[in-house]
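**Q**
In this note's numbering, the protein residues as written are 73 to 392.
(1) Does the count of Cβ pairs from the stretch 305 to 320 and the stretch 275 to 284 closer than 8 Å reach three?
(2) Quick check: residue 128 and residue 375, are their CB atoms within less than 8 Å of each other?
(3) In whole angstroms, what separates the C-alpha of residue 140 from that of residue 295?
(4) Quick one: Cα of residue 116 to Cα of residue 322, how far?
(5) Give me the Cα-Cα distance between residue 364 and residue 373, rounded to the nearest whole angstrom.
(6) Excluding the 5 residues flanking residue 203 on each side, which residues of the same chain have their C-beta closer than 7 Å to its C-beta?
(7) Quick one: Cα of residue 318 to Cα of residue 391, how far?
(8) Would you report the Cα separation of residue 367 and residue 135, rounded to the nearest angstrom?
(9) At the level of alpha carbons, what is the spacing between residue 151 and residue 113?
(10) Does any CB atom of chain C fall closer than 8 Å to the CB of residue 182?
(11) So, helix, strand or coil for residue 314, using DSSP?
(12) Rounded to whole angstroms, what is the Cα-Cα separation between residue 325 and residue 220?
(13) Only counting the same chain, and skipping five residues up and downstream in sequence, which positions put a Cβ closer than 7 Å to that of residue 358?
(14) Please list the segments of the alpha helix (DSSP H) lying wholly inside the stretch 275 to 309, counting only runs of 4 or more residues, in order along the chain.
(15) In chain order, what are the residue ranges of uninterrupted alpha helix (DSSP H) at least 4 long that sit wholly in the stretch 125 to 176?
(16) Using the beta-carbon count (16 or more within 10 Å), is residue 342 buried or exposed?
Dropping the structure here:
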């Protein structure tokens, strides 16, 4: 068996495992919904709740814009300068590809669209790899901090050993994640890197880019945490929870759906992890409701981003 054949078999095996896990997670979530269907709170529509619905979609749309900003920063760090309008509109269109089976359509779409903007494939691949590493590292960082501070007994202050200096050290360690990830990719998967990048060298980003990308990534998770805060409190009457707690728990649920191959947009996986994390906080019935309402808000935001991005690109093309 050749290396390429073995790689193809491994790829199919990973996708199959991903689909099994995704279907299992979806089945678990659906089973809990059916079990609790009479206890799941209903949204009573009022002027306030309509504004919460609008704010939910706009905040999710803002998170997409922040993610597009991450790619813009990484492109500039590699010496590729394109107008913000072109980068954001491209990103908005490409991100909708995550709903295609395989959970990689957004990356394939971005590579193809980036070529129309004169961005070489190796550069796009390189910046996307760094973006993925950063997204995972930031999600792990903020979710770990949330688990530390809020799981089990709630704490009003940081533990004695986790003072401002300790948090600063953790923050610096988090910023080094892309460098470590790039080094590991080069050492462990040299053939894959050669196939993806060709003769181009995958270079680590600068510290300024590191700070900007980390800030944008954290803000995107907090945007989604704010959506959950608003929905849980105004729609379902739950007590307000700290934004760091809700945003951190969402980051962990997002990460589970993001890294799993096969599940389109993390469907089923994200909701199941949210159910496990938010049930102790809001109760199982409210956690189930949030899984549904958040998915609706993010799907609407993704569709709106696709429409805005498509129209934006048409407008830019006419102005040329």
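Glycine residues also receive a C-beta, built at the ideal position from the N, C-alpha and C atoms. Note that this is a predicted model, so its numbers are computed, not measured.
**A** On the basis of the data shown:
(1) Counting Cβ pairs under 8 Å, fewer than three are found: no touch.
(2) In the chain shown, residue 128 corresponds to position 56, counting from 1. In the chain shown, residue 375 corresponds to position 303, counting from 1. Cβ atoms of residue 128 and residue 375: not closer than 8 Å.
(3) Here the question's residue 140 lines up with position 68 in the chain shown. Here the question's residue 295 lines up with position 223 in the chain shown. In this structure, the straight-line span from the alpha carbon of residue 140 to that of residue 295 is close to 14 Å.
(4) Position 44 of the chain shown holds residue 116. Position 250 of the chain shown holds residue 322. A straight-line Cα-Cα distance of about 25 Å links residue 116 and residue 322.
(5) Here the question's residue 364 lines up with position 292 in the chain shown. Here the question's residue 373 lines up with position 301 in the chain shown. Residue 364 and residue 373: Cα-Cα distance of roughly 14 Å.
(6) The sequence position of residue 203 within the chain shown is 131, counting from 1. Hits under 7 Å: 142, 143, 146.
(7) Here residue 318 refers to the residue found at position 246 of the chain shown. Here residue 391 refers to the residue found at position 319 of the chain shown. Using only the alpha carbons, I get a separation of about 43 Å.
(8) Position 295 of the chain shown, counted from the first residue, corresponds to residue 367. Position 63 of the chain shown, counted from the first residue, corresponds to residue 135. The straight-line gap separating the alpha-carbon atoms of residue 367 and residue 135 is approximately 14 Å.
(9) Numbered from its first residue, the chain shown carries residue 151 at position 79. Numbered from its first residue, the chain shown carries residue 113 at position 41. Near 51 Å, if we compare the C-alpha coordinates of residue 113 and residue 151.
(10) In summary, chain C is missing from the structure at hand, where a single protein chain is found.
(11) By one-based count along the chain shown, residue 314 stands at place 242. It is coil, neither helix nor strand.
(12) Within the chain shown, numbered from 1, the residue matching residue 325 stands at position 253. Within the chain shown, numbered from 1, the residue matching residue 220 stands at position 148. Taking the straight line joining both Cα atoms gives about 16 Å.
(13) Counting from one through the chain shown, the residue named residue 358 turns up at place 286. Shown here for residue 358: same chain residues with a beta carbon closer than 7 Å to its own, the five before and five after excluded, namely 113, 304, 308, 310 in chain order.
(14) Listed in chain order, the alpha helix (DSSP H) elements of length 4 or more contained wholly in the stretch 275 to 309 are 279 to 302.
(15) Complete alpha helix (DSSP H) runs here, min 4: 156 to 166.
(16) Numbered from 1 along the chain shown, position 270 holds the residue referred to as residue 342. Residue 342 should be labelled buried.
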